[in-house]
Ligand SMILES: [Zn+2]
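In my numbering, the protein residues as written are 1 to 153.
The structure is reproduced here in structure tokens:
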């Protein structure tokens with residue numbers, strides 16, 4: 001749902017201008033209203049701009065596939081990097097993905113491995129990922145506790 005200026009302010013006020021997940025100070029412009037529980041968006045396949053007749057891409061139509069979760073109660077303020085990385089993950093899956101980063105970057109980057117051997121990078125693989133809202137004692141939105149609406153039609 002497109003938020004009004006007043007609704008965006010309500011989402012912002014939930015943290016007083018901090019990213020709900022990493023706690024960074026949010027810029028006045030460019031912060032995201034994240035759906036804590038993902039709503040998923042309908043996508044369609046369209047031809048992309050290349051000259052190849054076989055080249056297509058998937059784009060969002062903007063329509064929510066979980067409209068009952070597209071509500072202010074399910075929205076928190078987030079920085080763009082956290083929101084884009086979280087994508088359609090639940091909070092717990094987002095945590096697991098962050099925890100997996102040390103090993104992924106180590107495998108993918110010889111520069112990381114060298115920097116690690118030289119001691120300028122010191123990963124903390126057993127350090128728990130604690131989100132800003134947890135450090136602050138905020139609960140996840142009550143909305144999350146509602147049961148999934150099952151449409152029997
Ligand atoms: Zn963040």
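Heads up, the beta-carbon is just placed ideally off N, CA and C, and yes, glycines get one too.
Comparing alpha carbon positions, the residue from 108, 4, 131, 135 closest to residue 79 is 131. Nearest neighbour of residue 45 by Cα position, chosen from 52, 51, 36, 56, turns out to be 56. At a cut-off of 4 residues, the continuous stretches assigned as alpha helix (DSSP H) that sit fully inside the stretch 39 to 100 are 80 to 86, 91 to 99. In this structure, ligand 1 has no non-hydrogen atom nearer than 7 Å to the beta-carbon of residue 27. Annotation for residue 115: the continuous alpha helix (DSSP H) segment containing it runs 110 to 117. Taken through DSSP and simplified to helix, strand or coil, residue 18 comes out as strand. Annotation: the continuous alpha helix (DSSP H) that includes residue 12 extends over 5 to 13.
Rounded to the nearest angstrom, the gap between the Cα atoms of residue 58 and residue 52 is 16 Å.
Taking a cut-off of 5 Å from the heavy atoms of ligand 1, the residues with a C-beta inside it are 19, 21, 22, 79, 82. Looking at the DSSP output, residue 32 shares a beta bridge with 78.
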